[in-house]
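So the protein lines, in turn, are chains A, B and C.
If you're matching positions, the first sequence starts at 34 in my numbering and goes up one per residue.
If you're matching positions, the second sequence starts at 30 in my numbering and goes up one per residue.
If you're matching positions, the third sequence starts at 543 in my numbering and goes up one per residue.
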Amino acid sequence: MNDSESRGLVVRPVAELTSNYMERAKLSPAISISAAGVAITVISLWYGQNHGWLPEAASQNAPLVDGLFNLMMTISVWLFLAIQGAIVLAIIKFRKQPGDETDGPPIEGNLSLELVWTAIPVVIVMVLAVYSFDVYQQMGGLDPMASHDHTRIAKVSSGSAIAGSLDGDQGLPHGQNVALGIGANPASEGMDADVTIDVMGLQYAWLFTYPGNVMAGELHIPAGRDVELNIQAQDVLHAFWVPQFRLKQDAIPGRMSKLRFRPETPGTYPIVCAELCGAFHGAMRSTVIVDTPEDYDVWYQTQIASAIDGDANDSRVATAVGMTGLSDADRMALHPHAPAIDAAAIAAITPMAHHHHD
Amino acid sequence: MSVSTLEPTQTPQPPQPKHPERHWKDFFGFSTDHKVIAIQYFVVSFVFYLIAGAMATSIRVELATPDADFLGYENYNGVLTLHGTMMIFLWIVPAGAAFANYLIPLMIGAKDMAFPVLNGLAFWLVPPGGALLLLSLLAETPPSAGWTSYPPLSLMTGQVGQMMWILAVLLLGTSSILGGVNFVTTILKMRIKEMGLYDMPLFCWAMLATSMLILISTPVLAGALILLSFDLLAGTAFFNPTGGGDPIVYQHMFWFYSHPAVYIMILPVFGLISDILPVHARKPIFGYKAIAYSSLAIAFLGNIVWAHHMFTSGTPGWLRMFFMAATMVIAVPTGIKIFSWVATIWGGKLRLNSAMLFAIGFVSMFLVGGLSGVMVASVPFDIHVHDTYFIVAHFHYVLFGGSVFGIYAGIYHWYPKMVGRMLDETWGKVHFALTFVGFNLCFFPMHILGLQGMPRRVVQYDPAFADINRICTIGSIILAVSTLPFLFNAVYCWFWGEKALPNPWNALTLEWQTSSPPIIENFEEEPVLWSGPYDYGIDSEPEEDTRSVADLLAEVKAEM
Amino acid sequence: MQTTAETTQEHGAIAVEQAHGHGDHPDHRLFGMGVFLFAEAMIFLGLFAAYLTFRSVAEVWPPAGTPERELLLPGINTIILISSSFVMNRGNQAIKQDDVKGMQFWFGLTAALGAIFLAGQGYEYYTNTFGLTDNLFTSTFYVLTGFHGLHVMFGLSLILLVLLRSRTPGHYSSTSHFGIEASELYWHFVDVVWIVLFLILYIL
Numbered sequence: 034m035n036d037s038e039s040r041g042l043v044v045r046p047v048a049e050l051t052s053n054y055m056e057r058a059k060l061s062p063a064i065s066i067s068a069a070g071v072a073i074t075v076i077s078l079w080y081g082q083n084h085g086w087l088p089e090a091a092s093q094n095a096p097l098v099d100g101l102f103n104l105m106m107t108i109s110v111w112l113f114l115a116i117q118g119a120i121v122l123a124i125i126k127f128r129k130q131p132g133d134e135t136d137g138p139p140i141e142g143n144l145s146l147e148l149v150w151t152a153i154p155v156v157i158v159m160v161l162a163v164y165s166f167d168v169y170q171q172m173g174g175l176d177p178m179a180s181h182d183h184t185r186i187a188k189v190s191s192g193s194a195i196a197g198s199l200d201g202d203q204g205l206p207h208g209q210n211v212a213l214g215i216g217a218n219p220a221s222e223g224m225d226a227d228v229t230i231d232v233m234g235l236q237y238a239w240l241f242t243y244p245g246n247v248m249a250g251e252l253h254i255p256a257g258r259d260v261e262l263n264i265q266a267q268d269v270l271h272a273f274w275v276p277q278f279r280l281k282q283d284a285i286p287g288r289m290s291k292l293r294f295r296p297e298t299p300g301t302y303p304i305v306c307a308e309l310c311g312a313f314h315g316a317m318r319s320t321v322i323v324d325t326p327e328d329y330d331v332w333y334q335t336q337i338a339s340a341i342d343g344d345a346n347d348s349r350v351a352t353a354v355g356m357t358g359l360s361d362a363d364r365m366a367l368h369p370h371a372p373a374i375d376a377a378a379i380a381a382i383t384p385m386a387h388h389h390h391d
Numbered sequence: 030m031s032v033s034t035l036e037p038t039q040t041p042q043p044p045q046p047k048h049p050e051r052h053w054k055d056f057f058g059f060s061t062d063h064k065v066i067a068i069q070y071f072v073v074s075f076v077f078y079l080i081a082g083a084m085a086t087s088i089r090v091e092l093a094t095p096d097a098d099f100l101g102y103e104n105y106n107g108v109l110t111l112h113g114t115m116m117i118f119l120w121i122v123p124a125g126a127a128f129a130n131y132l133i134p135l136m137i138g139a140k141d142m143a144f145p146v147l148n149g150l151a152f153w154l155v156p157p158g159g160a161l162l163l164l165s166l167l168a169e170t171p172p173s174a175g176w177t178s179y180p181p182l183s184l185m186t187g188q189v190g191q192m193m194w195i196l197a198v199l200l201l202g203t204s205s206i207l208g209g210v211n212f213v214t215t216i217l218k219m220r221i222k223e224m225g226l227y228d229m230p231l232f233c234w235a236m237l238a239t240s241m242l243i244l245i246s247t248p249v250l251a252g253a254l255i256l257l258s259f260d261l262l263a264g265t266a267f268f269n270p271t272g273g274g275d276p277i278v279y280q281h282m283f284w285f286y287s288h289p290a291v292y293i294m295i296l297p298v299f300g301l302i303s304d305i306l307p308v309h310a311r312k313p314i315f316g317y318k319a320i321a322y323s324s325l326a327i328a329f330l331g332n333i334v335w336a337h338h339m340f341t342s343g344t345p346g347w348l349r350m351f352f353m354a355a356t357m358v359i360a361v362p363t364g365i366k367i368f369s370w371v372a373t374i375w376g377g378k379l380r381l382n383s384a385m386l387f388a389i390g391f392v393s394m395f396l397v398g399g400l401s402g403v404m405v406a407s408v409p410f411d412i413h414v415h416d417t418y419f420i421v422a423h424f425h426y427v428l429f430g431g432s433v434f435g436i437y438a439g440i441y442h443w444y445p446k447m448v449g450r451m452l453d454e455t456w457g458k459v460h461f462a463l464t465f466v467g468f469n470l471c472f473f474p475m476h477i478l479g480l481q482g483m484p485r486r487v488v489q490y491d492p493a494f495a496d497i498n499r500i501c502t503i504g505s506i507i508l509a510v511s512t513l514p515f516l517f518n519a520v521y522c523w524f525w526g527e528k529a530l531p532n533p534w535n536a537l538t539l540e541w542q543t544s545s546p547p548i549i550e551n552f553e554e555e556p557v558l559w560s561g562p563y564d565y566g567i568d569s570e571p572e573e574d575t576r577s578v579a580d581l582l583a584e585v586k587a588e589m
Numbered sequence: 543m544q545t546t547a548e549t550t551q552e553h554g555a556i557a558v559e560q561a562h563g564h565g566d567h568p569d570h571r572l573f574g575m576g577v578f579l580f581a582e583a584m585i586f587l588g589l590f591a592a593y594l595t596f597r598s599v600a601e602v603w604p605p606a607g608t609p610e611r612e613l614l615l616p617g618i619n620t621i622i623l624i625s626s627s628f629v630m631n632r633g634n635q636a637i638k639q640d641d642v643k644g645m646q647f648w649f650g651l652t653a654a655l656g657a658i659f660l661a662g663q664g665y666e667y668y669t670n671t672f673g674l675t676d677n678l679f680t681s682t683f684y685v686l687t688g689f690h691g692l693h694v695m696f697g698l699s700l701i702l703l704v705l706l707r708s709r710t711p712g713h714y715s716s717t718s719h720f721g722i723e724a725s726e727l728y729w730h731f732v733d734v735v736w737i738v739l740f741l742i743l744y745i746l
């Protein structure tokens with residue numbers, strides 16, 4: 034071993050090295066590899082369907098999202114087991130033997146192997162992208178009414194925004210929607226939703242306004258009907274999230290976003306604010322109640338009646354306001370749905386200056 | 030290059046040795062020596078890691094119960110804002126700069142960085158930035174709009190604290206840009222003559238890609254923060270809807286930096302891992318060019334995927350689809366890297382020391398983060414998990430399981446070079462075991478929390494999630510404890526560790542061809558490139574390996 | 543920043559040569575400067591993108607109530623700034639002929655043109671009938687032009703620094719004139735930014 038030129042000449046042929054290495058690894062010919070492959074595949078196929086990590090699916094689009102997640106889970110579990118298995122096996126099989134100071138085989142690459150493992154992720158992400166696109170379209174994500182950034186609401190001051198939503202739909206020209214978000218699914222594209230509700234996010238509550246000037250702090254919607262939420266924010270960013278619907282949409286001051294979906298399973302589910310909106314962000318929760326269409330009608334008629342009676346200072350309405358304007362932790366400790374506040378509090382929202390920035 | 034010590038007028042000591050000695054005081058002042066600056070980066074960033082880690086632990090203690098009973102509502106948001114900001118801008122990014130500073134000149138056979146004074150300047154922007162962030166916690170209203178500081182919330186949470194946050198991030202961003210200028214110039218222009226681009230260690234490729242990302246994206250964050258501070262102080266309304274502004278524009282500008290920032294934090298670590306695995310597996314890196322190019326591909330793609338953080342922000346449908354596709358494509362170069370690393374250790378002769386354990390731990394933890402990353406790229410699924418604990422789990426697998434594991438691997442690997450003493454292996458393994466267990470216990474269950482319905486950044490949550498949260502908190506405490514053996518090990522061995530040889534691992538890259546620690550201008554004479562960076566296994570005769578590389582080098586030189 | 547780097551680099555190079563004798567490394571400062579200006583360009587690009595987004599999303603632009611902008615003065619200013627780039631280049635050519643006096647003349651003229659530009663900008667600010675916080679257009683107008691103005695000021699001080707240093711005989715020569723090249727590169731950069739800025743703020 035004299036100079037760097039001659040070093041290259043004593044390289045042991047790679048073929049010899051690899052054949053030695055194959056001999057040592059006699060235990061793992063094609064059979065055990067395919068056995069491991071089958072086992073991994075069976076486990077991932079089973080676990081992809083039975084992970085139990087997702088909450089109840091209560092909307093029409095939820096099973097679509099879950100199907101997508103289950104496929105991704107299956108692929109992930111497969112890759113996880115295969116790669117971690119290879120790592121663990123390498124640690125066991127190829128750990129340095131005591132006293133062995135030699136190097137391993139000088140394998141610097143393998144073009145066909147590298148092509149294979151470039152092609153595998155390419156195929157996987159293509160499948161996932163196409164599948165995701167399809168699910169997104171079925172959910173209504175590409176409904177042109179909801180997914181194009183045409184215009185914005187011109188200017189929203191804290192006062193006029195809430196006033197607009199109190200007046201129902203009049204804040205926006207109907208049929209010329211400016212919303213972004215999730216629209217109608219392809220089957221009902223171009224048709225009006227069965228129920229349209231204005232949603233206002235404010236620190237730290239959700240306020241729901243139904244046609245006919247019915248206001249509520251909880252969201253009631255009929256099962257099996259198309260529901261459209263027009264979501265706005267009064268002060269800062271919020272996000273409307275119902276985990277059981279697999280739907281989330283930011284509420285953005287100065288913009289209106291739309292969420293259209295069909296609840297399927299009657300029940301009571303949480304509405305969670307998912308965008309940091311201030312100190313009591315964690316307490317900004319409400320409830321969505323999916324009623325049967327009959328129950329929903331009964332509920333809605335009662336609300337209309339009490340709205341006409343001027344009896345809006347009903348505790349159902351007031352729940353939304355329970356959380357607003359609070360700055361002391363004691364009141365936040367109350368369960369968000371417990372406090373009942375009279376109508377004066379609703380009126381109090383309007384002049385409430387959340388914009389400290391003057 | 031430490032100019033002052035070289036200039037005769039400034040060194041009054043009469044006997045002038047060929048290479049001036051390093052003085053401990055050098056580490057406490059303005060130095061232009063890349064190795065001193067690197068150590069300064071390491072120590073400062075690690076101190077902030079401990080501070081931000083203490084914040085993380087307090088966050089987890091708060092979340093051990095569903096009620097706000099430890100930090101309280103207001104403090105919680107302040108702590109979580111600073112935890113994120115510090116971990117990113119004061120720990121992982123500067124820790125990457127620390128490795129780059131130390132290793133790049135040594136790896137390419139240079140005496141120092143291209144612009145030593147600029148280098149010192151870049152470092153000295155970090156401590157004021159960090160101090161400003163720490164002080165902001167004492168402001169009447171600390172910054173509490175999260176590390177993203179989305180307006181309008183960030184415009185309403187108090188001017189003083191928020192402005193301190195902006196200034197701190199601007200300082201740290203400037204430091205990062207100046208570092209990037211230096212790294213690019215050094216890598217492209219300062220290599221020894223024989224070293225072509227494809228003879229560079231892969232860490233240099235990774236830093237080249239990282240620096241390009243820094244130079245492209247960090248300035249845009251500066252632009253966003255300039256506009257934000259006008260909104261905050263001067264009463265403009267760029268991002269304030271009440272004056273006609275648009276908060277979504279901030280989000281675009283912010284993520285145009287902050288998504289690439291993820292790669293700014295992980296690419297250097299990819300480089301470290303590519304350099305550590307072959308040494309301790311005694312095998313060449315598998316697919317050098319594929320790994321080098323995939324770094325560049327990731328850097329390129331990293332610039333065109335930012336809006337995947339905004340799938341629920343009211344972005345148009347076509348935009349969401351474009352960013353979904355672009356994001357998923359990143360899985361390809363990332364996959365190439367992971368497969369190549371596994372193939373590198375496969376069939377080698379693995380020395381399972383602390384550096385190798387952390388490096389392999391990196392590969393397997395980053396794999397989890399990568400898999401969940403592909404999931405959240407999918408728009409329909411992301412709509413469900415966006416801003417939930419699933420995301421918290423995902424990015425901690427990338428940034429802790431990825432970056433931090435890799436940084437630890439790098440420290441165990443290069444500590445002998447930097448300090449001249451070996452770290453204790455037993456304590457290193459204890460450190461690894463505690464980190465690995467604590468990390469997975471803390472962060473894996475968060476995937477389930479997010480899927481089930483727990484949003485992130487909440488101090489108060491549905492009591493149904495209390496059990497899983499308690500597991501996470503236990504994990505976080507193990508994780509906090511795991512730093513103690515490391516700290517003890519690093520400090521003890523600095524003074525009393527076993528002396529390190531110039532090349533304790535029998536590695537082939539140039540930094541191992543000089544003494545440990547290297548002399549002030551790195552090499553006695555310009556080093557000779559006598560092998561590729563990863564040409565392991567070329568020597569067949571076993572006795573060859575008992576001799577040190579330095580001996581071999583001496584032989585080679587003697588023949589020349 | 544360039545100045546400190548410059549001095550130390552020069553000293554460093556000398557010191558290294560003295561201490562080791564195995565060679566100076568070539569001068570990378572101009573390359574580094576170019577890389578830095580690339581990052582600078584990205585700040586402006588980010589701000590331009592923000593402006594164009596505001597503009598494209600708005601229904602009416604500039605927002606209702608924005609006064610008409612005058613074009614004459616900014617137009618003259620633009621011509622002044624662009625011509626200063628050519629003037630400055632003459633200075634660089636002069637130093638390549640070892641003509642320090644010529645360089646001083648052309649750089650002095652460039653500094654004067656730069657100062658006129660700044661004064662014109664100041665006059666425009668002073669006579670404008672709209673304020674910073676009036677609306678989204680006026681805000682972006684002032685922030686963009688102001689940020690650019692800061693860069694002009696910095697470029698101007700670089701030129702003045704070069705002039706100051708050139709008083710030391712032999713400081714700049716046909717073989718060593720990094721300061722001149724760097725300040726010229728910077729000035730061209732500021733110029734190009736202004737052209738884009740003028741196009742999107744005034745013309746578009």
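Beta carbons are placed, not taken as given, at the ideal position from N, Cα and C, and that holds for glycine.
This one's a predicted model, so the numbers in the text were calculated from it and none came from an experiment.
Looking at the unbroken beta strand (DSSP E) that takes in residue i, where does it start and where does it end?
i: residue 307 of chain B; result: Element bounds for residue 307 of chain B: not the beta strand (DSSP E) but the alpha helix (DSSP H), 276-310.
i: residue 261 of chain A; result: 260-266
i: residue 323 of chain B; result: Segment 317-331 is the alpha helix (DSSP H) holding residue 323 of chain B; no beta strand (DSSP E) there.
i: residue 284 of chain A; result: 280-284
Grouping DSSP H, G and I as helix and E and B as strand, with all else coil, what is residue i?
i: residue 669 of chain C; result: helix
i: residue 723 of chain C; result: helix
i: residue 352 of chain A; result: Residue placement at residue 352 of chain A is poorly supported in this model, since its pLDDT is 44, which falls under 50; the coordinates still yield a value, given next. Residue state, collapsed to three classes: helix.
i: residue 588 of chain C; result: helix
i: residue 490 of chain B; result: coil
i: residue 82 of chain A; result: helix
i: residue 110 of chain A; result: helix
Hey, could you find the ends of the alpha helix (DSSP H) residue i is sitting in?
i: residue 441 of chain B; result: 434-448
i: residue 256 of chain B; result: 231-258
i: residue 522 of chain B; result: 495-525
i: residue 618 of chain C; result: 614-638
Per DSSP, residue i forms a beta bridge with which residues?
i: residue 378 of chain B; result: DSSP lists no partner for residue 378 of chain B.
i: residue 255 of chain A; result: A:324
Please report the Cβ distance between residue i and residue j, rounded to the nearest whole angstrom; I am assuming they are in contact, meaning their Cβ atoms lie under 8 angstroms.
i: residue 691 of chain C; j: residue 660 of chain C; result: 7 angstroms
Check: In chain order, what residues of the region 675-688 of chain C put their CB closer than 7 angstroms to some CB of chain B?
Finding: 675, 677, 678, 681, 685
Note to self: If the cut-off is 8 angstroms on Cβ atoms, which residues from the region 414-435 of chain B count as contacting chain A, listed in chain order?
What the structure shows: 415, 416, 417
Check: If contact means a Cβ-Cβ distance below 9 angstroms, which residues of the region 599-626 of chain C contact chain B?
Finding: 599, 600, 605
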